[in-house]
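Here's the structure we're looking at; comments come further down.
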Amino acid sequence: MERNSQLEGQPLEGQPEVRSRRRDRTPVALYATLLPPLLWMTLLYFVPIAILISYSFWRLEAFDIVREFSLVNFQTIFGNAAYRTVIVRTVMTALGVTVIDAAIASPWLFSSHAMAAAIARC
Numbered sequence: 042m043e044r045n046s047q048l049e050g051q052p053l054e055g056q057p058e059v060r061s062r063r064r065d066r067t068p069v070a071l072y073a074t075l076l077p078p079l080l081w082m083t084l085l086y087f088v089p090i091a092i093l094i095s096y097s098f099w100r101l102e103a104f105d106i107v108r109e110f111s112l113v114n115f116q117t118i119f120g121n122a123a124y125r126t127v128i129v130r131t132v133m134t135a136l137g138v139t140v141i142d143a144a145i146a147s148p149w150l151f152s153s154h155a156m157a158a159a160i161a162r163c
């Protein structure tokens, strides 16, 4: 009889009811928890990327930045074979590093998942 009451999710007599911590959090509390890291990521990652992208559309004239929309930088990059070679090598290096990092991280991922599953079963 005790075994069936555990399977049905009802507490045993004399035992306190166990509640999940996951259900205790309201969406407001969850958003309040996520807000500070999201603000930092926006400030330190997305804003500099937006600035770099805006700089890429400006042009350089006699060592001065001319702040008007222009595609001259992109024409230079795609029109010159040396720039294309550098871009391809950079992308290939980044891809290689990503694959190596994933190969190194995979065993740790699987072992931590197995440990978390074992702890959850206890």
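This note's numbering applies: residue 42 is where the sequence shown begins, and numbers increase by one. From the three backbone atoms N, C-alpha and C, an ideal C-beta is built for every residue, glycine too. Note that the structure is a prediction, hence the values are computed from the model and not measured.
Residue i: first and last residue of the uninterrupted alpha helix (DSSP H) it sits in
i: leucine 136; result: 122 to 162
i: leucine 76; result: 68 to 82
i: leucine 112; result: Careful: leucine 112 lies outside any alpha helix (DSSP H) and carries neither H nor E.
Alpha carbon of residue i to alpha carbon of residue j, nearest angstrom
i: valine 140; j: threonine 117; result: 31 Å
i: methionine 122; j: proline 68; result: Sequence check: residue 122 is alanine here, not methionine. Using only the alpha carbons, I get a separation of about 52 Å.
i: methionine 156; j: glutamate 54; result: 32 Å
i: isoleucine 128; j: alanine 91; result: 20 Å
i: tryptophan 149; j: leucine 71; result: 28 Å
i: alanine 158; j: aspartate 142; result: 24 Å
i: alanine 161; j: serine 147; result: 21 Å
i: glutamate 102; j: histidine 154; result: 55 Å
i: tryptophan 81; j: proline 89; result: 12 Å
i: serine 95; j: cysteine 163; result: 53 Å
Cβ-Cβ separation, residue j to residue i (assumed contact under 8 Å), whole Å
i: phenylalanine 98; j: phenylalanine 87; result: That belief does not hold up - the Cβ atoms of phenylalanine 98 and phenylalanine 87 are roughly 17 Å apart, past 8 Å.
i: asparagine 114; j: arginine 100; result: 7 Å
Segment limits, beta strand (DSSP E) that includes residue i
i: leucine 101; result: 100 to 102
Residue i burial status per 10 Å Cβ neighbour count (16 or more: buried)
i: leucine 76; result: exposed
Bridge-paired residues (DSSP) for residue i
i: isoleucine 106; result: Leu101
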